[in-house]
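> When we follow the UniProt record's numbering, the leftmost residue of the sequence shown carries the number 1, and every step to the right adds one.
Below you will find the structure I want to go over with you.
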Amino acid sequence: MLIESFLIYLQHEKRYSPHTITSYQTDLLQFIGFLKKNLEITALQAKATHIRSFMVFLLDNQIAENAVGRKISTLRSFYKYLLREGDLKINPMALIKAPKVPKRLPVFIEDAKMDLLLDGGVEGKLIFDESFASQRDKIVLELLFGTGIRLAELLALKETDINYYEGTIKVLGKRNKERIVPLHAQLEAQLKIYINLKLTQQFNNKITTLIVTNAGATAYPKLVYRIVNRYLTIISTQDKKSPHILRHSFASSLLNKGADLNAIKELLGHASLAATQVYTHNSVERLKSIYKQAHPKA
1 MLIESFLIYL QHEKRYSPHT ITSYQTDLLQ FIGFLKKNLE ITALQAKATH IRSFMVFLLD
61 NQIAENAVGR KISTLRSFYK YLLREGDLKI NPMALIKAPK VPKRLPVFIE DAKMDLLLDG
121 GVEGKLIFDE SFASQRDKIV LELLFGTGIR LAELLALKET DINYYEGTIK VLGKRNKERI
181 VPLHAQLEAQ LKIYINLKLT QQFNNKITTL IVTNAGATAY PKLVYRIVNR YLTIISTQDK
241 KSPHILRHSF ASSLLNKGAD LNAIKELLGH ASLAATQVYT HNSVERLKSI YKQAHPKA
């Protein structure tokens, strides 16, 4: 019951996305399972030493530091909630520090490669055909790279969110915060092609979401992951090929072309500028690389 009430709190009071709530649930079930199996105690009985044992268990099982840090953040929120509800008097997380995570620059795909994927072709062959599935895949990539929206935001988009007159799209972000993101002319045209093609499909039900499956049902995260991975594999050999990589690519592209950091923050829907500033490191590294290649004394 503790987990269920906490997840309801996250959904209705904190207004977290379904994806985030699922992550919290997974972390908590793993933690409670560890306590029961290895220590024979409940979450309410756990002390700081028990939580440290859980961290050691995760690290011993080759769980990355950033993933462990996320789980510790989940536990911090969980125990803060239990204190608020009066289930606990002492917070066992008070003495817990998450493991230090080495700073990693956001991975992104170069503009030239994305242009090749979306507008050109590979070895003289066009990548997308005129079928519904192919055009749906293309609009998924176009939207992720052309607007920088998150996966959950993409899946929540409706056709009515598009404003062709203003050239914008309304995005429902984290904690149900709305923002307006501009659309470039090519993306507008591609959206019209996709929506017109979608209308011609003989779907049994009329789904209001913009992105749908081949059968006309609302699209789901794994479908988008498969789409992105499949097409990025054509143009990139890097390991990471997730939807979030296209969000990084969007931000890095804008920054490299001189966009204001505050404007990028608004476009991405970041709550603070600190989250956006990570992209400046990529820009600096790019300038260093150009400098080393071009300057005679570098």
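Backbone N, C-alpha and C fix where the C-beta goes; we use that ideal spot for every residue, glycine too.
All figures in this text were calculated on a predicted structure; none of them were measured in a lab.
Give me, in chain order, the residues of the same chain whose beta-carbon lies closer than 6 Å to that of D129; leave out the 5 immediate sequence neighbours on both sides.
Around D129: no qualifying Cβ.
> For A178, write down the residues that DSSP places opposite it in a beta bridge.
In the sequence as displayed, the identity of residue 178 is Glu instead of Ala. Answer is L172, bridged to E178.
> Helix, strand or coil for V212? Go by DSSP, reduced to three states.
V212: strand per DSSP, three-state reduction.
> Indicate the three-state DSSP secondary structure (helix, strand or coil) for T20 in the structure shown.
T20 falls in the helix class under three-state DSSP.
> Since I believe I96 is in contact with R52 (beta carbons under 8 Å), could you give me their beta-carbon distance rounded to a whole number of angstroms?
Between I96 and R52 the Cβ distance is about 7 Å, and since that is below 8 Å, they are a contact.
> How about D27 and K71: do their beta carbons lie closer than 8 Å?
In contact: D27 and K71 (Cβ atoms closer than 8 Å).
> With a cut-off of 8 Å on the beta carbons, I'd call K177 and G269 a contact; round off their distance for me.
Between G269 and K177 the Cβ distance is about 7 Å, and since that is below 8 Å, they are a contact.
> Are the CB atoms of P106 and S236 nearer to each other than 8 Å?
No, they are not a contact pair.
> If I follow the unbroken alpha helix (DSSP H) through A185, where does it start and stop?
It spans A185 to L199 - the alpha helix (DSSP H) in which A185 sits, taken as one unbroken run.
> Hey, out of L75, V181, K47 and L118, whose CA is closest to L154's CA?
For L154, the nearest C-alpha among the options comes from V181.
> Counting pairs of Cβ atoms below 8 Å between the stretch 155–164 and the stretch 239–249, do you hit three or more?
Touching, no.
> Shorter than 7 Å, the distance from the beta carbon of Q238 to the closest heavy atom of the ligand ADP, or not?
As for the ligand ADP, it is missing from this structure, which has no ligand bound.
> Assuming contact is defined by CB atoms lying nearer than 8 Å, are V98 and S73 in contact in what I supplied?
The sequence given here places Ala at residue 98; Val does not occur at that position. A contact, by the Cβ cut-off of 8 Å.
> Kindly indicate the opening and closing residues of the alpha helix (DSSP H) around Q62.
Looking at the DSSP string, Q62 is not in any alpha helix (DSSP H), and its letter there is neither H nor E.
> Thinking C-beta only, is S17 closer than 8 Å to F145?
No, the pair does not count as a contact, with Cβ atoms beyond the cut-off.
> Mark V56 as exposed unless 16 or more other C-beta atoms lie within 10 angstroms of its C-beta, in which case mark it buried.
Per the 10 Å Cβ criterion, exposed.
> Hey, quick one: how far does the alpha helix (DSSP H) through Q11 stretch, first residue to last?
Note, Q11: alpha helix (DSSP H), L2 to H12.
> Can you tell me whether K222 is buried or exposed? The criterion is at least 16 other CB atoms within 10 Å of its CB, across all chains shown.
The residue is exposed, with fewer than 16 neighbouring Cβ atoms inside 10 Å.
> Determine the closest residue to L246 out of A67, T213 and I149, with distance taken between C-alpha atoms.
Ranking A67, T213 and I149 by Cα distance to L246 puts I149 first.
> With DSSP as the reference, label K80 as helix, strand or coil.
Helix.
> Rounded C-beta distance between residue 306 and Q25? I'm assuming under 8 Å.
Any answer about residue 306 is impossible in this case: the structure gives the chain only from 1 up to 298.
> Around the Cβ of A274, are there at least 16 other Cβ atoms within 10 angstroms (buried) or fewer (exposed)?
It counts as exposed.
> Run through the stretch 89–142 for me and flag every whole alpha helix (DSSP H) of 4 or more residues, listed as ranges in chain order.
Fully enclosed alpha helix (DSSP H) runs of 4 or longer: 111–119.
> Can you tell which of E110, I193 and Q186 has the C-alpha that lies nearest to the C-alpha of S131?
Among E110, I193 and Q186, the Cα nearest to that of S131 is on I193.
> Would you mind stating whether V224 and V140 have Cβ atoms separated by less than 8 Å?
Against a cut-off of 8 Å, the Cβ pair of V140 and V224 comes out as a contact.
> With burial defined as no fewer than 16 other Cβ atoms inside 10 Å of the residue's Cβ, what is the status of V101: buried or exposed?
So V101 counts as exposed.
> If we count the other Cβ atoms within 10 Å of its Cβ and call it buried at 16 or more, is R230 buried or exposed?
Result: exposed.
> Can you give the beta carbon distance from A152 to H19, rounded, assuming they're within the 8 Å contact cut?
A152 to H19, Cβ: 5 Å. Contact.
> So is G173 buried or exposed if we call it buried at 16+ other beta carbons inside 10 Å?
G173 should be labelled buried.
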